[in-house]
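Right, one structure below, let's go through it.
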Ligand SMILES: [Zn+2]
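Numbering (this note's numbering), first residue to last: 1497 to 1659.
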């Protein structure tokens, strides 16, 4: 279960604006003293710092619950790479574009749902022989959140419900 929980959060702290990969811990959303059980739905991966902030009451339980619901919804709908892209934007909303050599299909779910736009990057194209066929590739793509993509990232950050 520990592994499943870490997979759910992409081996990162589940707070979208944190995303720390070190010192990960499992936190009980409803306190262990109350539930006396370890269930997938009641556990969330947090880094030591966020875990301490949650335990001290600085981070409200209602927010942690909503982070968990959003995490579950987004990681079922999108690939882990797409989820990571959303958490990237959660920390770089001011930059609002990502230049990447990853091809469009990698973020296909987000593009299909209208949350992300891909534009071919400038510079030199290159071609490559794959399985006996010549393919043309742009050197990189420019990925930008659409308005609905910005909404989702803001909902992630602010622990609001994602539809
Ligand atoms: Zn954290």
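Just so you know, even glycine gets a beta-carbon here, dropped at the ideal spot from N, CA and C.
For residue 1548, the enclosing alpha helix (DSSP H) starts and ends at 1544–1551. Residue environment: residue 1614 is assigned as buried (16 or more neighbouring CB atoms within 10 Å of its CB, all protein chains considered). For residue 1573, the closest of 1516, 1606 and 1561 by C-alpha to C-alpha distance is 1606.
With fewer than 16 other beta carbons inside 10 angstroms of its own, residue 1499 counts as exposed. Residue pairing for residue 1641: DSSP places it in a beta bridge opposite 1612.
By the rule of a C-beta closer than 5 Å to any heavy atom of ligand 1, the residues picked out are 1509, 1511, 1514, 1516, 1543 and 1546. Distance from the CA atom of residue 1523 to the CA atom of residue 1544, rounded to whole angstroms, is 9 Å.
Within the same chain, Cβ atoms closer than 7 Å to the Cβ of residue 1515 are found at 1508, 1509, 1583 and 1587, the five residues on either side in sequence being excluded. Pairing residue 1534 with residue 1528, the inter-Cα distance amounts to about 8 Å. Here the alpha carbon of residue 1577 sits roughly 25 Å from the alpha carbon of residue 1627.
Looking at the DSSP output, residue 1631 sits in a beta bridge with 1624. Along the length of the stretch 1560–1609, whole alpha helix (DSSP H) runs at least 4 residues long occupy 1576–1587 and 1604–1608, reported in chain order. In the three-state scheme derived from DSSP, where H, G and I count as helix and E and B as strand, residue 1498 is classed as helix.
Going by DSSP, residue 1523 is part of the beta strand (DSSP E) stretching over 1520–1524.
Sequence-distant Cβ neighbours of residue 1644 in its own chain, meaning closer than 7 Å and more than five residues away, are 1610 and 1611.
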